[in-house]
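The structure appears below as structure tokens.
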Amino acid sequence: MKPDLRVNIADVEWKNPITTASGTFSITDSSAFYDPHILGAITTKGVSSVKWDGNPSPRIAETYGGMLNAVGLQNPGADYFLENEVPLLKKADTNIIVNLAGHSVEEYVEVASKLNKCSEIDMFELNISCPNVKEGGIGFGTDPNLAYEVTKAVKEVVNKPLIVKLSPNVTDITVIAKAVEKAGADAISLINTLLGMRIDINRGKLILANKTGGFSGPAIKPVAIRMVYQVSRAVNIPVIGLGGITTVEDVIEFLMAGADAVAIGSAALMDPLAVPRIVENLEKYMIEHNYASIADIKNRFKD
Numbered sequence: 005m006k007p008d009l010r011v012n013i014a015d016v017e018w019k020n021p022i023t024t025a026s027g028t029f030s031i032t033d034s035s036a037f038y039d040p041h042i043l044g045a046i047t048t049k050g051v052s053s054v055k056w057d058g059n060p061s062p063r064i065a066e067t068y069g070g071m072l073n074a075v076g077l078q079n080p081g082a083d084y085f086l087e088n089e090v091p092l093l094k095k096a097d098t099n100i101i102v103n104l105a106g107h108s109v110e111e112y113v114e115v116a117s118k119l120n121k122c123s124e125i126d127m128f129e130l131n132i133s134c135p136n137v138k139e140g141g142i143g144f145g146t147d148p149n150l151a152y153e154v155t156k157a158v159k160e161v162v163n164k165p166l167i168v169k170l171s172p173n174v175t176d177i178t179v180i181a182k183a184v185e186k187a188g189a190d191a192i193s194l195i196n197t198l199l200g201m202r203i204d205i206n207r208g209k210l211i212l213a214n215k216t217g218g219f220s221g222p223a224i225k226p227v228a229i230r231m232v233y234q235v236s237r238a239v240n241i242p243v244i245g246l247g248g249i250t251t252v253e254d255v256i257e258f259l260m261a262g263a264d265a266v267a268i269g270s271a272a273l274m275d276p277l278a279v280p281r282i283v284e285n286l287e288k289y290m291i292e293h294n295y296a297s298i299a300d301i302k303n304r305f306k307d
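Residue numbering for the sequence shown follows the numbering used here, starting at 5 and increasing by one per position.
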């Protein structure tokens, strides 16, 4: 008998607990390697209300155990997304999660309002790791009051489930998690990238034009596991875990830590076939280890 891979995230049923991490999936590029129908959900790159050009180059750098990126959420804006990308996404036959980007509460509300009218979108993911320009550059994701404010404002203008993506660059992530839950978040995803930097010792210069970038990849997984463990025990809403997942064993570890679903990011940039391989291996793993459901995996772990 085949295991039941289905999960329920904020009253939305996924065929399995695997989605893509924002910024690492393209409906045109990724679908050239595999059928996105196999995914529990697709999470898009960040979409802002108007076009963003992103940061200057160079904005990607390899490093031990992962990569640094300072792309700056480059995207063509909500209107372009609705006209050109949604028609392709709706053919994927899976849940569509759109990642929302903004510099201020007003910008987040504007893009959420525009996209909320689209029936093909199943869920939103609120990226609160963007700098809040109006508050002197303080990140929404590092201040519980700002995190509460932006989550509440967006929740008021959408009628689809709202996932809030948390930044790991904080002292106590449970404080932020509780703030967004109180503000009405339907689920939480974590972790976003850690803040990192690299220097080219031959040129004596910083490698990234933006100076700092988001550190992702296998090296951050222990941090992600710890934070998922903490947050899943601090809130009463679903948790989507991400950060360094490259194998099916990583998926199992996140589920045991308390995640209800997982997102795969950097692994797909290094190997476009990583995602379908992990999806396929999840069912095999469950059969080999006598797991009848995802809940069985989660219940195997004992504190």
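C-beta: ideal position from N, C-alpha, C; glycine also.
- prompt: Which full runs of the alpha helix (DSSP H) of 4+ residues lie inside the stretch 37–82, going along the chain?
  reply: none
field: Three-state class that DSSP yields for residue 2 in the structure shown
entry: The chain is shown only over 5 to 307; residue 2 falls outside these bounds and no answer can be derived.
task: Return the Cβ separation of residue 190 and residue 241 in integer angstroms, given the expectation that the two are a contact with Cβ distance under 8 Å.
output: 6 Å
field: Neighbourhood of residue 232 by C-beta, 7 Å cutoff - its chain only, sequence neighbours within 5 removed
entry: 194, 243, 245, 258, 261, 262, 263
message: In chain order, what are the residue ranges of uninterrupted alpha helix (DSSP H) at least 4 long that sit wholly in the stretch 252–289?
response: 252–261, 270–274
- prompt: What do you reckon, are the CB atoms on residue 228 and residue 247 nearer than 7 Å?
  reply: yes
7 Å CB neighbourhood of residue 273 in its chain, flanking five on each side removed: 28
- prompt: From residue 50 to residue 35, what distance separates their C-alpha atoms?
  reply: 18 Å
- request: Using DSSP bridges, identify the partner residues of residue 204.
  value: 209
- prompt: Taking DSSP as the reference, what is the three-state secondary structure of residue 168?
  reply: strand
- request: Output the boundary residues of the alpha helix (DSSP H) element that contains residue 86.
  value: Counting along the chain, residue 86 falls outside any alpha helix (DSSP H), and DSSP gives it neither H nor E.
- request: Can you grab the Cα-Cα spacing for the pair residue 220 / residue 212, in whole Å?
  value: 15 Å
Spatial neighbours of residue 70 in its chain, beta-carbon cut-off 8 Å, leaving aside the 5 residues before and after: 219, 220, 221, 222, 223, 224, 248, 270
query: For the 8 Å Cβ check, are there 3 or more pairs between the stretch 13–29 and the stretch 82–96?
result: no
task: Please determine, among 95, 160, 205, 176, the residue with the shortest C-alpha to C-alpha distance to residue 31.
output: 95
- prompt: Do you know offhand how far residue 196's Cα is from residue 6's?
  reply: 33 Å
- prompt: Any idea if residue 106 is buried or exposed, counting beta-carbon neighbours within 10 angstroms, 16 or more meaning buried?
  reply: buried
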